[in-house]
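A.B. asks: Line by line, the protein sequences are chains A and B. Number 128 in the working numbering belongs to position 128 of the first sequence; there are no gaps in the numbering. Quick note, the working numbering runs 147 ahead of the 1-based positions in the second sequence. Here you go, one structure.
Protein chains: 2
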Amino acid sequence: MEPLLLDRLLQIGDLFQKDMDRAFAGTGLTPARVHVLWALQHAGPSTQQALAGLCGVTPRNITALVDALEGTGHVRRTPHPTDRRAVLVELTPDAVATMTRMQQDHQELSASLLSAVAPEDRDAVERGVAAIAEHLAALVAQAGEAR
Amino acid sequence: MEPLLLDRLLQIGDLFQKDMDRAFAGTGLTPARVHVLWALQHAGPSTQQALAGLCGVTPRNITALVDALEGTGHVRRTPHPTDRRAVLVELTPDAVATMTRMQQDHQELSASLLSAVAPEDRDAVERGVAAIAEHLAALVAQAGEAR
DNA sequence: TATTGTTATACTCTATAACTATA
DNA sequence: TATAGTTATAGAGTATAACAATA
């Protein structure tokens, strides 16, 4: 019996997570902390409130994640120039280098995955996966409203 | 700029997780506990060692998950018929009904996702996603050996 | 009065190590 | 001696609620 499309997608998600967990082992990084680093690379220096929004977690949680990332030298807290309640979190030069490398690996992995698809199927797969992501996002948003 | 295929797949994984978390809210279920229930529905009554293997977690962790599921009435522990060291964990009738419903939802969601893909792309998407899953599994297994 | 970040507390998932009862 | 499950301990991620300083 063929596995369902959904089962394949769930399997892919599990494999990514397993791979990430091992790739970060021993580096002091975890998926949640890398998520913060990604947000900082894309958005630049940010307040913790902003990070909470970008990562979809509570401000309290961001405090803990930034504490850990500060401890491992990945980020720095600096005073906010105009709002003395807030702090700005920014990547250290080392972390910028790490994130640049990670982004390259990311692009290479994406290319490697596409190379596993038969050449005549590649366009359809890119279109189809994008359509699935958008459809699923709409379903989840709809379920969220009905809450 | 088009998002990478990999970004789409990661987005799909995040959306599934978000949807599951909300679907289970208030039921006492969590992704890890549902994983145990799935394993039990597919494998039938099982020892905790067997569940640890099926779920890919430590036996100690299974003890905690089964404790929680027993507390919410989803599973029962019964003595193993031939090995007095072991226990058999089995679904309660209520949990069997819950899992049957969940399996139906699962199939419907899979069909819904496929329906979001253009009809002429569907075969290619099913082939391509399967190929990606197998390719990724091989990459992860290879990285695991090099450990 | 509203917002930013923190302290306090709690729950879940996860792991390793040591221990008990049984094979 | 090896295996099944548990107790003990620890760390990470997550949440809510109460509080301080500042806007």
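Note that CB positions come from ideal geometry on N, CA and C, so glycine has one too.
Strictly below 7 Å CB to CB, what residues from chain B border A232/A?
C.D. replies: This structure gives no information on residue 232/A, because the portion of chain A shown stretches from 1 to 147.
A.B. asks: What are the residues in the stretch 159-191 of chain B lying within 7 Å of chain A by C-beta distance?
C.D. replies: Those would be I159, G160, L162, F163, K165, D166 and R169, in chain order.
A.B. asks: Measuring alpha carbon to alpha carbon, tell me which residue in G144/A, L139/A and G26/A is nearest I159/B.
C.D. replies: Your numbering for residue 159/B matches position 12 in the second sequence. The shortest Cα separation from I159/B among G144/A, L139/A and G26/A belongs to L139/A.
A.B. asks: Quick check: what's the CA-CA separation for T30/A versus L37/A?
C.D. replies: Translated into the one-based positions of the first sequence, residue 30/A becomes position 30. Translated into the one-based positions of the first sequence, residue 37/A becomes position 37. The alpha-carbon atoms of T30/A and L37/A are separated by roughly 11 Å.
A.B. asks: Who pairs with V222/B in a beta bridge, going by DSSP?
C.D. replies: For this step, residue 222/B is matched to residue 75 along the second sequence. Bridge partners of V222/B: L238/B.
A.B. asks: Considering only C-alpha positions, which residue in the set D154/B, P150/B, L162/B and L153/B is nearest to Q142/A?
C.D. replies: By 1-based counting over the first sequence, the position of residue 142/A is 142. Q142/A has its Cα closest to that of L162/B, out of D154/B, P150/B, L162/B and L153/B.
A.B. asks: Could you work out which residue in L113/A, A146/A, H106/A and V125/A is closest to A23/A when comparing CA atoms only?
C.D. replies: For the purposes of this step, residue 23/A is taken as residue 23 along the first sequence, with counting starting at 1. Closest option to A23/A, Cα to Cα, is H106/A.
A.B. asks: Using a cut-off of 7 Å between C-beta atoms, extract the partners of E145/A located in chain B.
C.D. replies: In the first sequence, the residue the question calls residue 145/A occupies position 145. Here the premise fails: no neighbours, minimum Cβ distance about 12 Å.
A.B. asks: CA-CA distance, P226/B and G218/B?
C.D. replies: Translated into positions along the second sequence, residue 226/B becomes position 79. Translated into positions along the second sequence, residue 218/B becomes position 71. Distance between the alpha carbons of P226/B and G218/B: 18 Å.
A.B. asks: Is there at least one Cβ from chain B nearer than 7 Å to G73/A's Cβ?
C.D. replies: Here residue 73/A corresponds to residue number 73 of the first sequence, with the count starting at 1. For G73/A, the answer is no, since every Cβ of chain B falls outside 7 Å of its Cβ.
A.B. asks: Against chain B, with Cβ distances strictly below 7 Å, would R60/A count as a contact?
C.D. replies: Counting from 1 along the first sequence, the entry for residue 60/A is found at position 60. No, no contact with chain B.
A.B. asks: Any Cβ of chain A within less than 7 Å of the Cβ of E274/B?
C.D. replies: Here residue 274/B is taken as the residue at index 127 of the second sequence, counted from 1. This sequence places Arg at residue 274/B; Glu is not what is there. True, the Cβ-Cβ gap to chain A drops below 7 Å.
A.B. asks: Could you tell me the distance, in whole angstroms, from the CA atom of L5/A to the CA atom of T229/B?
C.D. replies: Locating residue 5/A in the first sequence gives position 5, where the first residue counts as 1. Locating residue 229/B in the second sequence gives position 82, where the first residue counts as 1. Whole-angstrom Cα-Cα distance: 40 Å.
A.B. asks: Considering only the alpha carbon of each residue, which of A199/B, L212/B and N208/B lies closest to G175/B?
C.D. replies: Position 28 of the second sequence holds residue 175/B. If we check each option's Cα against that of G175/B, L212/B comes out closest.
A.B. asks: For Q237/B versus R223/B, is the C-beta spacing smaller than 7 Å?
C.D. replies: For this step, residue 237/B is matched to residue 90 along the second sequence. For this step, residue 223/B is matched to residue 76 along the second sequence. One detail in the question is off: residue 237/B reads as Glu in this sequence, not Gln. Yes, Cβ-Cβ distance for E237/B and R223/B is below 7 Å.
A.B. asks: When every heavy atom of the ligand FMN is checked, does at least one fall within less than 6 Å of the C-beta of Q41/A?
C.D. replies: The ligand FMN is not part of this structure, which contains no ligands at all.
A.B. asks: Whose Cβ in chain B lies nearer than 7 Å to the Cβ of S110/A?
C.D. replies: Residue 110/A sits at position 110 when you count from the first residue of the first sequence. By Cβ distance, chain B contributes L151, L152 and L153.
A.B. asks: Relative to chain B, which residues along the stretch 77-110 of chain A have a C-beta separation below 7 Å, given in chain order?
C.D. replies: Cβ proximity to chain B below 7 Å picks out H106, Q107, L109 and S110 from the stretch 77-110 of chain A.
A.B. asks: Figure out for me which residue from S110/A, V96/A, A50/A and A133/A has the closest Cα to the Cα of L88/A.
C.D. replies: Here residue 88/A refers to the residue found at position 88 when the first sequence is read from its first residue. Cα-wise, what sits closest to L88/A is A50/A.
A.B. asks: Checking the sheet assignment: what are the DSSP bridge partners for S193/B?
C.D. replies: Stepping through the second sequence from its first residue, residue 193/B is reached at position 46. DSSP, once it has assigned bridges, lists V236/B as partnering S193/B.
A.B. asks: Per DSSP, what kind of secondary structure is T247/B in: helix, strand or coil?
C.D. replies: Taking the first residue of the second sequence as position 1, residue 247/B is located at position 100. In the structure shown, T247/B sits in a helix (DSSP, three-state: H, G or I).
A.B. asks: First and last residue of the alpha helix (DSSP H) that includes R269/B?
C.D. replies: For this step, residue 269/B is matched to residue 122 along the second sequence. Its alpha helix (DSSP H) spans residues R269 to E292.
A.B. asks: Please list the partners that V140/A has in chain B, where partner means a Cβ-to-Cβ separation under 7 Å.
C.D. replies: Numbered from 1 along the first sequence, position 140 holds the residue referred to as residue 140/A. Neighbours of V140/A on chain B, chain order: L162, K165 and D166.
A.B. asks: Using 8 Å as the cut-off, can you tell me whether the stretch 260-275 of chain B makes contact with the stretch 197-209 of chain B, which would need three or more C-beta pairs spanning the two stretches below that distance?
C.D. replies: no
A.B. asks: Around the Cβ of M99/A, are there at least 16 other Cβ atoms within 10 angstroms (buried) or fewer (exposed)?
C.D. replies: Position 99 of the first sequence, counting from 1, holds the residue named residue 99/A. Burial check for M99/A: the Cβ neighbour count within 10 Å reaches 16 or more, so the residue is buried.
A.B. asks: Here's the rule I'm using: 16 or more other beta-carbon atoms within 10 Å means buried, otherwise exposed. How should E273/B be labelled?
C.D. replies: As a working mapping, residue 273/B is identified with position 126 in the second sequence. Buried is the label assigned to E273/B, since at least 16 other Cβ atoms lie within 10 Å of its Cβ.
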